[in-house]
Structures are given as C-alpha cells and as structure tokens.
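Asker:
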Amino acid sequence: MAKTTEYRRKSKLPDALQALRGNTHFADFLEAMDVECGHGKTVYTSDPYQSAFNQGRQSFANDIHEAISRLEAESKPTTK
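Using UniProt numbering, the first residue of the sequence shown is number 1, and each one after it goes up by one.
1) Consult DSSP for K63 and reduce its assignment to one of helix, strand or coil.
2) Applying the criterion that 16 or more other CB atoms from any shown protein chain within 10 Å of the CB defines a buried residue, is A52 buried or exposed?
3) Return helix, strand or coil for N23, following the three-state DSSP convention.
4) Under three-state DSSP, which class holds M1?
5) Does DSSP put D15 in a helix, in a strand, or in coil?
6) Work out the CA separation of Q50 and P77 for me, nearest whole Å.
7) Assuming A61 and L20 form a contact by the criterion Cβ under 8 Å, report the distance between their Cβ atoms to the nearest whole angstrom.
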C-alpha cells in the first residue's frame, strides 16, 4: 500500500509543478503577495487586526515558495 501511494504521489509532482508554473493567475497572485508582504518585509502596523492579516499573508506566501522549491527538488531525477 505504501508503495502505491508513493508511486501516485511521485507521478503527480511534475504535473503539479507544471500547473503552478503555467497558471498566470497564480503567478500574478504570488507576485502581488511578495510585493505587499513578501520575504523580509515588515508586516507590523499600528492596527493589530491588519498586522495579524499581513502576518497570515506573509506566512502563506512563504509556504507557497517552500512548496514550489520542494516540488522542483523532488521532480529532478536523482543520479546514482
């Protein structure tokens, strides 16, 4: 069972990566997230609700970047 699950997951990784790369709406969304509250930006404001919202958006953007990096690393063929 574990082998079947692993096989299914691995076979979909390149497709998922291509879908993310080819989706212009997603690319625009991610770029906007980075511009507004991306890597290394200060997301704190005097309004506590806005600060929490910005922190959540920054966390989401960082998670997406990590997932894309992981997909790219896992989709590369390993050489032995």
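In this text, a Cβ means the ideal position worked out from N, Cα and C, and glycines have one as well.
Because the structure is a prediction, the values reported are computed rather than measured.
Answerer: The structure says:
1) Looking up residue 63 in the sequence shown gives position 63. The question names Lys, but residue 63 in the sequence shown is Asp. Looking at D63 - three-state DSSP - the assignment turns out to be helix.
2) Taking the first residue of the sequence shown as 1, we reach residue 52 at position 52. With fewer than 16 other Cβ atoms within 10 Å, it is exposed.
3) On the sequence shown, residue 23 is found 23 positions in, with the first residue counted as 1. Three-state DSSP puts N23 in coil, outside helix and strand.
4) For the purposes of this step, residue 1 is identified with residue 1 of the sequence shown, where counting begins at 1. Reliability fails at M1, whose pLDDT of 49 lies under 50, so the model's placement of it is uncertain and the value that follows must be treated cautiously. In the three-state reduction of the DSSP assignment, M1 falls in the coil class, being assigned neither a helical nor a strand state.
5) Reading the sequence shown from its first residue, position 15 is the one you call residue 15. DSSP places D15 in helix when its eight states are reduced to three.
6) Locating residue 77 in the sequence shown gives position 77, where the first residue counts as 1. Locating residue 50 in the sequence shown gives position 50, where the first residue counts as 1. Put simply, the backbone Cα of P77 is about 43 Å away from that of Q50.
7) Mapped onto the sequence shown, residue 61 falls at position 61. Mapped onto the sequence shown, residue 20 falls at position 20. That pair is no contact at about 14 Å.
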